[in-house]
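Numbering-wise (my numbering), the sequence shown opens with residue 14 and increments by one. From the three backbone atoms N, C-alpha and C, an ideal C-beta is built for every residue, glycine too. All values reported here derive from a predicted model rather than from experimental measurement. Everything on this sheet refers to the single structure shown next.
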Amino acid sequence: MALALDQLEVAVCIFDNRDRTVLWNETFLQFFPEHAGHVHAGEDYRENLRRFYLQRLPQDELPSMERYIEEGVQRHHSQQRAFEFDHHGYRVRVASLSFGAFGRIRLWRKTTPLLTGMQDRINPKLTPLPCRIQPDTAMALESLADGILMVDEQDGTLWANHSFLRLYGLSDIKDLGARRFDEIYAAAWRHEEPTAGYTTGISVLKERQRFSGAPYVLALPRNRWVRIVELRGTQANGTSFFSHVDITTQWRQQEELKQLSLHLESLAVKDALTGLLNRRRFDEVLEAEWRRAHRSEMVLSLLMLDVDHFKHLNDTHGHPFGDEVLKRFATVLAGRIQRSGSLVARYGGEEFAVLLPGTALADAAQLAELIRQQVESMTLGNEQTGLVRITISIGVACASDLAFNASSSMLVDMADRALYEAKRKGRNQVACS
């Protein structure tokens, strides 16, 4: 197959379902000489993209290269239609085809040489700009609700319908001039405070200059969104059309659904009363951290904390007071446990858990004592209850690399036994397993 495609001057590179290079042909190396002597079987597609971008990106865009690479991988996985980009003086068309469970095949084919220089832009033999579009075509496009933009071979604006003008705040077609679309887009924001959406939009437009054909979404002022689809090279005279579809309503609905999904996800892993992670999430993270500690031969400590005489507090002062105690205790824990990777959870009832990856037993015990002292110094109560003293007991356990052949539940059992020992010795203290 590779030889046949060489004869057709079609470049090919095949990747497996883990994005590793499997096969390529000579035309691929002719199209992309930066890969010659470097590409090899088993190489990750990201390395392929990294060489590609190192050859193409200007110095000021190199800091964005890793983001471009990840976006390229996403295109590789999701691409359903061919797109085009400018490459070494040619317009190149690229397609990505799925091979099911095996992986994907990418194909490149040169289409047309690029026009260069201003002479191509002002060639008097070309049809004058107002006549580049036929009246009946213009009338049909004017009837569309979507914005339509017509550009020449160098992306200079030729014509647009009124739906496009309204989208970008233009009052008359004369306002277009011969500007490129990126200039029109920037002008649409000139009286607005730039947002993250605008910054992303400018970045997307830079990327589109290298990879045209793929649909993309841009943010517009006043919290509006537009989806752009281009049909490049469809006209005999070299012009192209871009469809600009206002997707504001759909976009907002998607954002609302996304926020709702995040909220529901949060409810699934968080305790409603304290806002801490719940037992379910704690168990998941504990198992993951246990495996990671085992692989890295790293210590893993756990604190099990319990409010002393909590049932008596509830029975004496009422459940609302008991809830307030738990919330105040949760606030102390969340404020004290700030180290990246650590986890605080409500384990159940008045019992809480703190997971401390990479923390030795002595350090975990010292932290536990600081928490105990801070809770002991809290003042709680009201006119009905008076001032109530709150204390906690804490059990501390640490699994070293020698213990990781057991299950993660062993660490919980060790901390529970230490907590029981702290209670047995009179409460309001820290005990280590």
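Check                                                                                                                                                                                                       : Outcome
Below 8 angstroms CB to CB, which residues in the same chain sit around Ala-2 once its five sequence neighbours on both sides are set aside?                                                                : What the structure shows of the chain is the stretch from 14 to 446, and residue 2 is not part of that stretch, so it cannot be assessed.
By DSSP, does Leu-180 sit in helix, in strand, or in coil?                                                                                                                                                  : helix
Could you pull out every residue in the same chain whose Cβ sits closer than 6 angstroms to the Cβ of Leu-36, ignoring the five residues on either side in sequence?                                        : Ile-27
I need the boundaries of the beta strand (DSSP E) containing Ser-279, first residue and last residue.                                                                                                       : It is not in any beta strand (DSSP E) - Ser-279 instead sits in the alpha helix (DSSP H) that spans 261-282.
Between Arg-63, Gln-92, Phe-98, His-90, which lies nearest to Tyr-81 when the distance is taken from Cα to Cα?                                                                                              : Arg-63
For a minimum of 4 consecutive residues, which ranges assigned as the alpha helix (DSSP H) are wholly contained in the stretch 300-361?                                                                     : 323-330, 332-349
Would you tell me roughly how many angstroms separate the C-alpha atoms of Arg-33 and Ala-54, rounded to the nearest one?                                                                                   : 7 angstroms
For the stretch 233-242 against the stretch 250-270, are there 3 or more C-beta pairs whose distance is under 8 angstroms?                                                                                  : yes
Quick check on the DSSP output: the alpha helix (DSSP H) that includes Leu-42 runs from which residue to which?                                                                                             : 39-44
Does the distance from the CB of Leu-233 to the CB of Leu-218 come in under 9 angstroms?                                                                                                                    : no
Hey, out of Asp-429, Glu-337, Leu-432, whose CA is closest to Met-391's CA?                                                                                                                                 : Glu-337
CB Leu-273 to CB Leu-316, shorter than 9 angstroms?                                                                                                                                                         : no
In whole angstroms, what is the alpha-carbon distance linking Glu-302 and Arg-341?                                                                                                                          : 27 angstroms
For Met-427, tell me which candidate among Gln-442, Glu-297, Ile-407 has the shortest Cα-Cα distance.                                                                                                       : Ile-407
My guess is that Asp-319 and Glu-364 are in contact by the Cβ rule of under 8 angstroms, so how many angstroms apart are they, rounded?                                                                     : 5 angstroms
Whether or not the stretch 261-280 and the stretch 181-199 are in contact is what I'm after, with contact meaning three or more pairs of Cβ atoms, one per stretch, closer than 8 angstroms; do they touch? : no
On the three-state DSSP scale, how would you describe Lys-187?                                                                                                                                              : helix
Using DSSP with H/G/I as helix, E/B as strand and the rest coil, what is Leu-120?                                                                                                                           : strand
State the CB to CB distance for the pair Leu-120 and Val-23, rounded to an integer number of angstroms; the pair is presumed to be in contact (CB under 8 angstroms).                                       : 6 angstroms
Check whether the Cβ atoms of Thr-398 and His-330 sit closer than 9 angstroms, and answer yes or no.                                                                                                        : yes
Taking the runs of the beta strand (DSSP E) that are 3 residues or longer, which of them lie wholly in the stretch 393-417?                                                                                 : 393-395, 399-401, 405-412
What is the DSSP secondary structure of Gly-50, reduced to helix, strand or coil?                                                                                                                           : coil
Return the first residue and the last residue of the beta strand (DSSP E) that His-100 is part of.                                                                                                          : 96-100
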